[in-house]
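Visitor:
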Amino acid sequence: MHRPLVFCLVVVLLAIAASSSAVPRKPVWPRQFDVQFGLSVVESPLNGPIVNVTSHFYYDFNVQASLVTYPELCLPGLIPGDGWKKGCNLLFNPKGTYLFAPHAGVDCCLLFPGVGTVPPDFLRGFNASGFVVPTPDLYGVLHNSDFWVTNEGFFYWTDAKTGGDVALVDGGSVVWNFYPHLRVAPQPSALFAVPSNCAVSCPGSFLAHARKHAGGRVDPMVSLALHHHRLLHTQ
């Protein structure tokens with residue numbers, strides 16, 4: 026785990042920010058990449074905040090799939106009880122969102138049917154705030170960042186000069202701080218393979234827990250995918 030830099034959303038929002046003179050262009054993801062990020066949960070049960078735990082995101086929109094790996098800790102909003110204190114993975118494809126949590130007794134299950142990965146231009150559902158805000162990346166380095174918002178409380182920061190991803194807040198208390206550069210390269214197809222036993226729905230206790238925390242402490246990419254899924258069905 027990298028040296029933590031406490032990311033306080035309230036401080037960031039109240040920090041002195043320079044107003045942008047023009048509406049910035051919305052960055053678009055490459056179709057294939059992977060990137061390391063730090064997971065933080067401002068409010069987590071029992072052990073206090075989770076700060077900058079090393080995790081990884083893999084993306085291949087050529088097969089409309091993505092994978093989030095949490096090797097050290099899962100998320101309190103995904104797994105009931107103490108099961109979140111071990112690692113877990115989340116996989117997204119056109120059939121839905123799958124949870125892999127063997128330490129919690131679930132080798133693989135379908136968490137949200139029909140909720141797949143977000144498209145490269147997912148920021149089209151965000152609005153420019155009009156501010157450039159100093160925002161830390163995975164290593165705590167500050168980037169002058171364009172600040173993107175939604176009506177549902179999602180926040181995204183991209184480097185004002187390069188358009189690179191800096192941070193994501195999921196509408197609740199979960200934060201991703203990205204490594205400064207995406208590794209743009211073909212992704213191994215095996216990363217996105219779904220075993221046949223994954224077609225079974227997640228246990229009812231898992232589903233109820235995830236839905237209860239859908240406004241916070243759920244994985245940011247799950248929240249973002251649900252947000253995108255709702256937008257698609259309201260257009």
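Each step along the sequence shown adds one to the number in this note's numbering, with nothing skipped, and position 59 is 84.
A virtual CB, placed ideally from N, CA and C, is assigned to each residue, including glycine.
Since the model is a prediction, treat every value here as computed from it, not as a measurement.
1) Which residues in the same chain as residue 219 place their Cβ atom closer than 8 Å to its Cβ, once the five residues preceding and following it in sequence are excluded?
2) Can you tell me whether residue 92 is buried or exposed? The criterion is at least 16 other CB atoms within 10 Å of its CB, across all chains shown.
3) Does the stretch 139-155 come close enough to the stretch 172-192 that 3 or more CB-CB pairs lie under 8 Å?
4) I'd like the list of long-range same chain contacts for residue 51, defined as Cβ closer than 6 Å, with 5 residues on each side in sequence excluded.
5) Is residue 146 close to chain B, meaning its C-beta is less than 9 Å from at least one C-beta of that chain?
6) Identify the continuous beta strand (DSSP E) that holds residue 93 and give its terminal residues.
7) Taking the alpha-carbon positions, what's the residue 65 to residue 224 distance?
8) From this set, 205, 248, 192 and 109, which residue's C-alpha is nearest residue 231's C-alpha?
9) With DSSP run on the structure shown, which of helix, strand or coil describes residue 176?
10) Tell me which same chain residues have a C-beta within less than 7 Å of the C-beta of residue 229, skipping the five on either side of it?
11) With C-beta atoms as the reference, is residue 217 less than 9 Å away from residue 90?
12) Is DSSP giving residue 113 helix, strand or coil here?
13) Taking the Cβ atom as the reference point for each residue, do residue 113 and residue 95 lie within a distance shorter than 9 Å?
14) Would residue 107 be called buried (16 or more neighbouring beta carbons within 10 Å of its own) or exposed?
15) Roughly how many angstroms lie between the CA atoms of residue 166 and residue 185, to the nearest whole one?
16) Considering residue 204, what are the terminal residues of the beta strand (DSSP E) in which it resides?
17) Closer than 6 Å by C-beta to residue 30: which residues in its own chain qualify, once you throw out the five before and the five after it? Chain order, please.
Guide: Quick look at the numbers:
1) Translated into positions along the sequence shown, residue 219 becomes position 194. Closer than 8 Å at the Cβ level, and outside the excluded window around residue 219, lie 116, 118, 120, 123 and 133.
2) As a first step, residue 92 is located in the sequence shown; it is residue number 67 there, counting from the start. It counts as buried.
3) yes
4) Residue mapping note: residue 51 aligns to position 26 of the sequence shown, counting from 1. Counting only Cβ-Cβ distances below 6 Å, and skipping sequence neighbours, we find 148.
5) Going by chain labels, chain B is absent from the structure shown, which holds only one protein chain.
6) The residue you call residue 93 lines up with position 68 of the sequence shown. Unbroken beta strand (DSSP E) run through residue 93: 90-95.
7) For this step, residue 65 is matched to residue 40 along the sequence shown. For this step, residue 224 is matched to residue 199 along the sequence shown. Cα-Cα distance, rounded: 30 Å.
8) For the purposes of this step, residue 231 is identified with residue 206 of the sequence shown, where counting begins at 1. Nearest to residue 231 by alpha-carbon distance, out of 205, 248, 192 and 109, is 109.
9) Start at 1 with the first residue of the sequence shown, and residue 176 comes out as number 151. Of the three classes helix, strand and coil, the one that applies to residue 176 here is coil, per DSSP.
10) On the sequence shown, residue 229 is found 204 positions in, with the first residue counted as 1. Excluding sequence neighbours, residue 229 sits near nothing in its chain.
11) Residue 217 sits at position 192 when you count from the first residue of the sequence shown. Residue 90 sits at position 65 when you count from the first residue of the sequence shown. Yes, the pair counts as a contact, with Cβ atoms nearer than the cut-off.
12) For the purposes of this step, residue 113 is taken as the residue at position 88 of the sequence shown. In the three-state DSSP reduction, residue 113 falls in the strand class (E or B).
13) Position 88 of the sequence shown, counting from 1, holds the residue named residue 113. Position 70 of the sequence shown, counting from 1, holds the residue named residue 95. The criterion of a C-beta distance shorter than 9 Å is satisfied by residue 113 and residue 95.
14) If you number the sequence shown from 1, residue 107 lands on position 82. Label assigned to residue 107: exposed.
15) Position 141 of the sequence shown, counted from the start, is the residue given in the question as residue 166. Position 160 of the sequence shown, counted from the start, is the residue given in the question as residue 185. Between residue 166 and residue 185, the C-alpha separation is close to 14 Å.
16) Here residue 204 is taken as the residue at index 179 of the sequence shown, counted from 1. Looking at the DSSP string, residue 204 is not in any beta strand (DSSP E), and its letter there is neither H nor E.
17) Locating residue 30 in the sequence shown gives position 5, where the first residue counts as 1. Its pLDDT being 40, under 50, residue 30 is placed unreliably by the model, and nothing is read from it.
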